[in-house]
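J.: Before I ask anything, let me first share the structure, which is written out below as structure tokens.
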Amino acid sequence: MKLIRFGEPGKEKPGVLIADKFYDVSGFVHDYNESFFENGGIAHLAWMMDQYKNMLRPMPAGSRIGAPVARPSKIVCIGLNYADHAKETNATPPAEPVVFMKSTTAICGPYDDVIIPRGSEKTDWEVELAVVIGKRACYVEESEAMDFVAGYCLHNDISERAYQLEMGGTWDKGKGCDTFAPLGPVLVTKDEVENVDNLRLWLTVNGKLMQDGSTSNLIFNIPFLVAYVSRFMTLLPGDIISTGTPAGVGLGMNPQVYLKPGDIVELGIDGLGTSRQNIVAYASS
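For the sequence shown, our numbering assigns the number 13 to the initial residue and increments by one for each residue that follows.
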């Protein structure tokens, strides 16, 4: 299945995408949240749709598309997980995964505006494959790790490089600003992804191709990452592991290139759809 959420921020309803048409399934499930995944929601929804497929209501025309997962307990990100990206940023490919966190308040919809933080001069882009956890995972064995995966979605890991790299401390301060985690448009359940280890992912800025990579070049693959992260923290249903970005970020260019108000970022991953964000300046409310 392809799961979507629609409606105004904070008021999203669950839906599905079938044959390029959006349907409202809020009569079947409350939301795509921790409880949904923890209690077999995907299987239940599939059964309900099979039984009542003629009763599905179209999503209202013009509806905003939100992130496909209600706010999870955490977003765990993996840094430098493509050798070409490590090389372009003059970093050594890691012997073990680089793990950092992204705030859940950064989550926004796939077509929402991305806000450049106040004072930022180095806001950057990163197309990534995000893994959505389907059930509680603690000390998972790599051989069993895929049993804990619900599906996948597209993620733009927006990053403020000065905050991340030039202000001391951890990377987190450059990763968790508001709107820095556009997710979606869809969560694709793992049964619909034939080969997650060979998906093209790409990103453009103002129509110019910046990133063009493949998940076949991940240093640490998905089963390893799920098992690895579960050693250090319990992953809850609906949590996200974002698996890293290929080469082509603004930080790695010579001269470096960063986002400015008026820019348009578009990105996609095979089978997971595309997203588009307008870049806007911070404005106090």
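Think of the CB as a built atom: it goes at the ideal place given N, C-alpha and C, for glycine as much as any other residue.
Tell me whether the stretch 67-80 and the stretch 121-135 touch, counting them as touching only if at least three CB pairs, one residue from each stretch, are closer than 8 Å.
T.: With the cut-off at 8 Å, the stretch 67-80 and the stretch 121-135 touch.
J.: On the criterion of 16 or more Cβ atoms from any shown chain inside 10 Å, does Tyr-151 qualify as buried, or is it exposed?
T.: Against the sequence shown, residue 151 aligns to sequence position 139. Exposed.
J.: At which residue ranges does the stretch 189-264 contain complete beta strand (DSSP E) runs of 3 or more residues, listed in the order of the chain?
T.: 199-201, 212-217, 220-226 and 252-254, all fully within the stretch 189-264.
J.: What separation, rounded to the nearest whole angstrom, lies between the Cα atoms of Asn-168 and Glu-20?
T.: As a position in the sequence shown, residue 168 is number 156, starting the count at 1. As a position in the sequence shown, residue 20 is number 8, starting the count at 1. Between Asn-168 and Glu-20, the C-alpha separation is close to 20 Å.
J.: Kindly indicate which residue of Tyr-294, Ala-98 and Phe-40 has the alpha-carbon position closest to the one of Asn-229.
T.: Along the sequence shown, one-based indexing puts residue 229 at 217. Checked all of Tyr-294, Ala-98 and Phe-40; the closest Cα to Asn-229 is Ala-98.
J.: Name the DSSP bridge partner or partners of Pro-109?
T.: As a first step, residue 109 is located in the sequence shown; it is residue number 97 there, counting from the start. Answer is none; Pro-109 lacks a bridge partner.
J.: What residue range is occupied by the uninterrupted beta strand (DSSP E) comprising His-167?
T.: What you label residue 167 is simply residue 155 of the sequence shown in a count that begins at 1. Segment 161-168, the beta strand (DSSP E) holding His-167.
J.: Return the first residue and the last residue of the beta strand (DSSP E) that Ala-118 is part of.
T.: As a first step, residue 118 must be located in the sequence shown, where it is residue number 106. Per DSSP, Ala-118 belongs to no beta strand (DSSP E) and is neither H nor E.
J.: Whose CA, out of Leu-57, Ser-287 and Glu-140, lies closest to the CA of Glu-278?
T.: Locating residue 278 in the sequence shown gives position 266, counting from the first residue. It is Ser-287.
J.: If we ignore side chains and look at the alpha-carbon of each, how far apart do Lys-220 and Gly-260 end up?
T.: Here residue 220 corresponds to residue number 208 of the sequence shown, with the count starting at 1. Here residue 260 corresponds to residue number 248 of the sequence shown, with the count starting at 1. The alpha-carbon atoms of Lys-220 and Gly-260 are separated by roughly 11 Å.
J.: Work out the CA separation of Glu-154 and Lys-147 for me, nearest whole Å.
T.: Taking the first residue of the sequence shown as position 1, residue 147 is located at position 135. Taking the first residue of the sequence shown as position 1, residue 154 is located at position 142. Using only the alpha carbons, I get a separation of about 15 Å.
J.: Kindly provide the ranges of any alpha helix (DSSP H) runs that are 4 or more residues long and lie completely inside the stretch 19-72, ordered along the chain.
T.: With a minimum length of 4 residues, the continuous alpha helix (DSSP H) runs that stay inside the stretch 19-72 are 46-50 and 53-63.
J.: Just grab the DSSP bridge partners of Lys-14 for me.
T.: The sequence position of residue 14 within the sequence shown is 2, counting from 1. Note: Lys-14 sits in a beta bridge opposite Val-200.
J.: DSSP has Gly-285 in a bridge; who is on the other side?
T.: Here the question's residue 285 lines up with position 273 in the sequence shown. Looking at the DSSP assignment, Gly-285 forms a beta bridge with Ile-281.
J.: Tell me the residue span of the beta strand (DSSP E) that contains Glu-6.
T.: There is no way to answer for residue 6, as the model of the chain reaches only from 13 to 297.
J.: Between the alpha carbons of Ala-55 and Phe-49, how many angstroms are there, rounded?
T.: Within the sequence shown, the letter at position 43 stands for residue 55. Within the sequence shown, the letter at position 37 stands for residue 49. Ala-55 and Phe-49: Cα-Cα distance of roughly 9 Å.
J.: Which of the three DSSP states is assigned to Ser-132 in this structure?
T.: For this step, residue 132 is matched to residue 120 along the sequence shown. Reduced to three states, the DSSP call for Ser-132 is coil.
J.: With DSSP collapsed to three states, give me the class of Ala-295.
T.: Counted from its first residue, the sequence shown places residue 295 at position 283. Of the three classes helix, strand and coil, the one that applies to Ala-295 here is coil, per DSSP.
J.: Please go through the same chain and pick out, in chain order, the residues whose beta-carbon is closer than 7 Å to the beta-carbon of Glu-172, but skip the five residues on each side of it.
T.: One-based indexing of the sequence shown puts residue 172 at position 160. Taken in chain order, the residues that qualify are Pro-129, Ser-132, Lys-134, Thr-135, Gly-186 and Cys-189.
J.: Exposed or buried, what is Glu-140 when buried is set at 16 or more other beta-carbons lying within 10 Å of its beta-carbon?
T.: Within the sequence shown, numbered from 1, the residue matching residue 140 stands at position 128. When all chains shown are included, Glu-140 counts as buried.
J.: How is Ala-174 classed by DSSP in three states: helix, strand or coil?
T.: Taking the first residue of the sequence shown as 1, we reach residue 174 at position 162. Reduced to three states, the DSSP call for Ala-174 is helix.
J.: Checking 7 Å against the spacing of the C-beta atoms, do Pro-109 and Phe-232 come in under that value?
T.: Mapped onto the sequence shown, residue 109 falls at position 97. Mapped onto the sequence shown, residue 232 falls at position 220. Yes, they are a contact pair.
J.: Kindly give me the distance between the Cβ atoms of Ser-254 and Ile-87, rounded to whole angstroms, as I take these residues to be in contact under 8 Å.
T.: The sequence position of residue 254 within the sequence shown is 242, counting from 1. The sequence position of residue 87 within the sequence shown is 75, counting from 1. Correct: roughly 6 Å between the Cβ atoms.
J.: Use the C-beta contact count for Glu-156: other C-beta atoms within 10 angstroms, 16 or more gives buried, fewer gives exposed.
T.: The residue you call residue 156 lines up with position 144 of the sequence shown. Answer is exposed; the Cβ neighbour count stays below 16.
J.: Does the contact criterion of 3 or more C-beta pairs under 8 Å hold for the stretch 263-278 versus the stretch 90-106?
T.: Yes: the two stretches touch, three or more of their Cβ pairs being nearer than 8 Å.
J.: Count the other CB atoms, across all protein chains shown, that sit within 10 Å of the CB of Thr-201; report buried if there are 16 or more and exposed otherwise.
T.: Here the question's residue 201 lines up with position 189 in the sequence shown. Buried.
J.: Within this structure, are the beta carbons of Ser-1 and Leu-237 separated by less than 7 Å?
T.: Limits of the chain in this structure are 13 at one end and 297 at the other, which puts residue 1 out of reach.
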